[in-house]
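Going by this note's numbering, the first residue of the sequence shown is number 19, and it counts up by one from there.
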Amino acid sequence: MTIINFNKAAFIKSVADYSDKPDENYPEVALVGRSNVGKSSLLNKIVNRKKLAKVSSSPGKTRLINYFNIDNRLFVVDLPGYGFSKVSKGEKNRWQNMIEAYLKNSINLRLVCLLIDCRQGLLKNDKEMVQWLDYYNKPYIFILTKVDKLSKNNINKVQKQMMREYPNHHILHFSTSSIEYRNGIILLLNEMIS
Ligand SMILES: Nc1nc2c(ncn2[C@@H]2O[C@H](COP(=O)(O)OP(=O)(O)OP(=O)(O)O)[C@@H](O)[C@H]2O)c(=O)[nH]1
Ligand SMILES: [Mg+2]
19 MTIINFNKAA
29 FIKSVADYSD
39 KPDENYPEVA
49 LVGRSNVGKS
59 SLLNKIVNRK
69 KLAKVSSSPG
79 KTRLINYFNI
89 DNRLFVVDLP
99 GYGFSKVSKG
109 EKNRWQNMIE
119 AYLKNSINLR
129 LVCLLIDCRQ
139 GLLKNDKEMV
149 QWLDYYNKPY
159 IFILTKVDKL
169 SKNNINKVQK
179 QMMREYPNHH
189 ILHFSTSSIE
199 YRNGIILLLN
209 EMIS
């Protein structure tokens with residue numbers, strides 16, 4: 019099998035209900051994490067397209083389940099973030115239900131990328147997400163984002179703490195500031211879904 023190199027990417031559809039997914043049964047990789055952690059930015063960087071997924075400096079930009087076709091082999095699924103304080107309780111519950119229903123029921127979901135801001139580490143709602151993923155037996159890796167914002171020393175501290183708390187999970191580093199982080203992610207995704 020040739021490697022999926024993320025050279026060709028296209029937005030397919032946004033849905034509120036996972037059962038409206040695209041017809042193709044490609045394996046799916048989901049981007050999960052707090053609002054503003056950098057999920058949509060990561061997707062844009064690894065496919066080298068500035069505006070494929072919508073990005074914003076204010077949290078709560080992604081509001082639906084967004085399917086992106088990668089090389090006609092894979093869907094990357096960009097999800098809304100959790101933990102955004104400025105939306106109403108009702109809206110928050112609606113998003114939470116949408117994300118959980120997707121993660122629980124998507125038969126083609128092969129890997130969850132759980133993005134964590136390296137400056138914050140895992141906060142309460144991230145830990146709840148980890149517990150939830152463990153409970154439902156969903157495979158996941160951690161991606162520490164925005165590493166351009168923190169010294170190497172401090173990033174290592176956060177990483178060590180995570181390794182103690184959550185052994186046996188990959189922890190990758192990522193920043194949109196350099197292309198150097200792209201290859202590591204692409205290689206691991208290929209490995210995990212093959
Ligand atoms: N310095 C820095 N800023 C980043 C990086 N990645 C994302 N950002 C910024 O963080 C903000 C949020 O990025 P998004 O990609 O929209 O975050 P998101 O997780 O998709 O957010 P929601 O859709 O609201 O859940 C934007 O202002 C980005 O420019 C990074 O690696 N470094
Ligand atoms: Mg987004």
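For each residue, glycine too, the CB sits at the ideal point set by N, CA and C.
From residue 138 to residue 179, what distance separates their C-alpha atoms?
What you label residue 138 is simply residue 120 of the sequence shown in a count that begins at 1. What you label residue 179 is simply residue 161 of the sequence shown in a count that begins at 1. Approximately 12 Å, taken between the alpha carbons.
Which residue comes first and which comes last in the beta strand (DSSP E) that contains residue 209?
Within the sequence shown, residue 209 is the residue found at index 191, counting from 1. Premise fails: residue 209 lies in the alpha helix (DSSP H), 198 to 211, not in any beta strand (DSSP E).
Hey, residue 30 and residue 85 are a contact pair by Cβ (cut 8 Å); roughly how many whole angstroms apart?
Working through the sequence shown from its first residue, we reach residue 30 at position 12. Working through the sequence shown from its first residue, we reach residue 85 at position 67. Sure, about 4 Å apart at Cβ, within 8 Å.
In three-state terms, what does DSSP make of residue 55?
Here residue 55 is taken as the residue at index 37 of the sequence shown, counted from 1. The answer is coil: DSSP assigns residue 55 none of H, G, I, E or B.
Assess, as a yes-or-no matter, whether the region 151 to 170 is touched by the region 79 to 95 under the definition of 3 or more beta carbon pairs within less than 8 Å.
Cβ pair count under 8 Å is below three, so no.
Taking the alpha-carbon of residue 60 as reference, which of 33, 89, 34, 190 has the nearest alpha-carbon?
For the purposes of this step, residue 60 is taken as the residue at position 42 of the sequence shown. Nearest option by C-alpha distance: 190.
Can the beta-carbon of residue 47 be found closer than 8 Å to that of residue 133?
Along the sequence shown, one-based indexing puts residue 47 at 29. Along the sequence shown, one-based indexing puts residue 133 at 115. Taking 8 Å as the Cβ cut-off, residue 47 and residue 133 do not qualify as a contacting pair.
Would you mind listing the alpha helix (DSSP H) stretches within the region 76 to 132 that are 4+ residues and don't spill past its ends, in chain order?
The qualifying runs are 107 to 123.
Does the structure place the region 21 to 29 close enough to the region 107 to 118 that three or more beta carbon pairs sit under 8 Å?
Judged by Cβ distances under 8 Å, the region 107 to 118 makes no contact with the region 21 to 29, as fewer than three pairs qualify.
Given residue 143, which residues of its chain have a CB within under 7 Å of its CB, disregarding the five upstream and five downstream residues?
The count along the sequence shown starts at 1 and reaches residue 143 at position 125. Cβ within range, chain order: 52, 100, 101.
Please list the segments of the beta strand (DSSP E) lying wholly inside the region 23 to 47, counting only runs of 3 or more residues, in order along the chain.
Complete beta strand (DSSP E) runs here, min 3: 27 to 33.
When the Cα atoms are used, what is the spatial distance from residue 198 to residue 75?
As a working mapping, residue 198 is identified with position 180 in the sequence shown. As a working mapping, residue 75 is identified with position 57 in the sequence shown. Computed Cα separation, rounded: 23 Å.
Which word fits residue 205, buried or exposed, when buried means at least 16 other C-beta atoms lie within 10 angstroms of its C-beta?
As a first step, residue 205 is located in the sequence shown; it is residue number 187 there, counting from the start. Exposed: under 16 other Cβ atoms inside 10 Å.
Which value, in whole angstroms, describes the spacing of the CA atoms of residue 64 and residue 87?
Position 46 of the sequence shown, counted from the first residue, corresponds to residue 64. Position 69 of the sequence shown, counted from the first residue, corresponds to residue 87. Cα-Cα distance, rounded: 13 Å.
My output table needs one value for residue 190: the three-state DSSP class, helix, strand or coil.
As a position in the sequence shown, residue 190 is number 172, starting the count at 1. Of the three classes helix, strand and coil, the one that applies to residue 190 here is strand, per DSSP.
So the alpha helix (DSSP H) residue 151 belongs to, where does it begin and stop?
Residue numbering aside, residue 151 sits at position 133 when the sequence shown is read from its first letter. Here the alpha helix (DSSP H) through residue 151 covers 142 to 153.
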